[in-house]
Amino acid sequence: MTDRFISGRRLSGPMLAMLVYCTPLPAQTDTTDFTGPIQPDTTLTLDRAVDLALERNFNIRSARSRVVEAGGRLKHDSRLVPSNPEIEFSTADRDPAGPERSTTDLGIRLSQEFWIGGQGGLKRRAARSRLDAARAAAGFLEITVAARTRSAFLDLLVAREAVETAGRAVAVATDIMQTARARLDSGEATRLEVNSAEIGLGRARSEQAAAEAERNLARSRLAELMAVEFPGPVQLKGDFETRPLDLPPRGELLNRVAQQRQDLAAAAAEVAAAREELQLSRRQLIPNLTVFGFYEEEENSEIAGIGVSLPIPVLHRYSGERTEADARLEQAGIERDALLLQIRLEVDRAIADYRAARTRVEAVSANVLRAAEQNVELTYEAFRAGQVGVAAIASSQETLLQARRDFLDAQRALVRAAGDLERASGGLLVLRGATQNTSNEFKSNPENPS
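The working numbering puts the last residue of the sequence shown at 450; the count rises by one with no breaks.
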């Protein structure tokens, strides 16, 4: 119809101005590049692992995308008017009954809806609160992923040490087995001693296989958090650190944690957004105002004018919307209060677990493990000299295996407790690893390669 107007007759000034005003601008396209998993550096430190996780973790990237989405929603709700202007065209043929010639009537109308009652500001403030909540949630997720990555890295260090200690146990058990067979061949030992040595070697190799499986699992967990692939050997740089964390008094710690936890800030922002949306639902009883202007040509006359229109909220009073908004505000407040209680319980539980794990690590230190290994070596020397029998060796090996399990379990418990404490404190309390040692995380016993 517009093409017929333009080609059939000259467009008047008001019509031309309205057409120019309503011509849409070209849309801009946006492209997003996706980068797949990459191989990490050949030497991996704790800080590098955390940096890679914060950069590449898929959950974090998804949370950051939700922040961008919330920003787009804020941009949409910050518009000056509720909708785009609306233009209407009309045409009609007028055929008079008398001798007058027929004429064509033309009409054009341009209307625009406007906020009244403050709905635009309420929408904008609610969207800004949603954006703040998305940012805070993404920030807390970063702290959570960093804590999990740090725990996974330290757990991999413990797994590496488990493989090394298992390898030493296999080496000692192998020497005992060879000595027992030599003594059997020379007639100095019985078959019972050889069988006991074989049992000890089998148990040591089983412990080594379990340690290697645990190491592979720890490596997989770390790779998943970092969103990288480990196709080849990777050296871990760092030693497991057991220096205690400086814990402030409980009251002071809880106050600092309440300020530090970004998920609590996100919950508060959700409450603020729900409160603004409740106000908006109440303001819906004040309808938006539509202002319009029109231009018409009838026969040889030109008519121009303006007017206003607005809906009358008589049949639909928005009571359901107000009830929903009020319920959402109540839910947001309940979730915030529940989270606050959960944080206090998490902090108390994490502190208790950390202190218990610290006690275990101090009770079963590396010195205890070395003493158990030394006892096996001394018993082995006495066995070679014929001073003790194979039962003494079996007893010392059992003590070593148990001490090794207790030592590694205590370290793993400390890693888990420290990770839980870091997350519960919102990143306020962090257990870090030292960077003094570099060893191959894929090193295995030549006799039993992984």
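Using N, Cα and C, we set each Cβ at its ideal position, and we do this for glycine too. Just so you know, these numbers come straight off a predicted model, no measurement behind them.
- With 16 or more other Cβ atoms inside 10 Å of its own Cβ, residue 57 counts as buried.
- Residue 289 carries a strand assignment under DSSP once its states are collapsed to helix, strand and coil.
- In the DSSP assignment, residue 396 is bridged to no other residue.
- Between the alpha carbons of residue 397 and residue 376 lies a gap of roughly 6 Å.
- By alpha-carbon distance to residue 166, the top candidate from 212, 428, 146 is 212.
- CA-CA distance, residue 193 to residue 390, rounds to 5 Å.
- In the DSSP annotation of this structure, residue 101 is not part of any alpha helix (DSSP H), being labelled neither H nor E.
- About 12 Å separates the beta carbon of residue 108 from that of residue 86, a gap too long to meet the 8 Å contact definition.
- In this model, residue 181 and residue 248 are separated by some 59 Å (Cα to Cα).
- Under the Cβ criterion (8 Å, minimum of three pairs), the segment 130 to 144 does not count as touching the segment 360 to 380.
- A Cβ-Cβ separation of about 5 Å places residue 297 in contact with residue 106 under the 8 Å criterion.
- In terms of Cα proximity to residue 144, the closest of 79, 225, 122 is 225.
- Counting C-beta pairs with one atom in each stretch, the segment 177 to 191 and the segment 152 to 164 have fewer than three that are closer than 8 Å, which means they do not touch.
- Around the beta carbon of residue 207, 16 or more other beta carbons lie within 10 angstroms, which makes this residue buried.
- Linking residue 270 to residue 59 through their CA atoms gives a straight-line distance of about 21 Å.
- Around the C-beta of residue 411, 16 or more other C-beta atoms lie within 10 Å, and the residue is accordingly described as buried.
- Judged by beta-carbon spacing, residue 266 lies within the 7 Å limit of residue 136, meaning their Cβ atoms are closer than that value.
- A residue is called buried when at least 16 other Cβ atoms come within 10 angstroms of its Cβ; residue 308 does not meet this threshold and is exposed.
- A straight-line Cα-Cα distance of about 20 Å links residue 221 and residue 164.
- Spatial neighbours of residue 277 in its own chain (CB-CB distance under 8 Å, excluding positions within 5 residues in sequence) are listed in chain order as 122, 126, 325, 328, 329.
- Across the structure, residue 357 and residue 413 are spaced so that their CA atoms are roughly 6 Å apart.
- Cα atoms of residue 418 and residue 280: separation of roughly 45 Å, rounded to the nearest angstrom.
- If you check the CB distance, residue 323 and residue 111 do not come in under 7 Å.
- Within the same chain, Cβ atoms closer than 6 Å to the Cβ of residue 70 are found at 130, 131, 134, the five residues on either side in sequence being excluded.
- Note that the C-beta distance between residue 347 and residue 424 is below 7 Å.
- Contact between residue 257 and residue 149 fails: their C-beta atoms lie close to 21 Å from each other, not under 8 Å.
- DSSP, read as helix, strand or coil, puts residue 239 in strand.
- When DSSP states are grouped into helix, strand and coil, residue 409 belongs to the helix group.
- Here the alpha carbons of residue 84 and residue 321 stand approximately 25 Å from one another.
- Taking the CA atoms as reference points, residue 403 sits about 12 Å from residue 169.
- In this structure, the CA atom of residue 361 is about 16 Å from the CA atom of residue 159.
- Annotation for residue 203: the continuous alpha helix (DSSP H) segment containing it runs 191 to 226.
- Look at residue 386 here: in three-state DSSP terms it is coil, with no helix or strand label.
- The beta carbon of residue 78 is closer than 6 Å to those of 124 in its chain, skipping five residues each way along the sequence.
- An exposed status is given to residue 341, since fewer than 16 other beta-carbon atoms sit within 10 Å of its beta-carbon.
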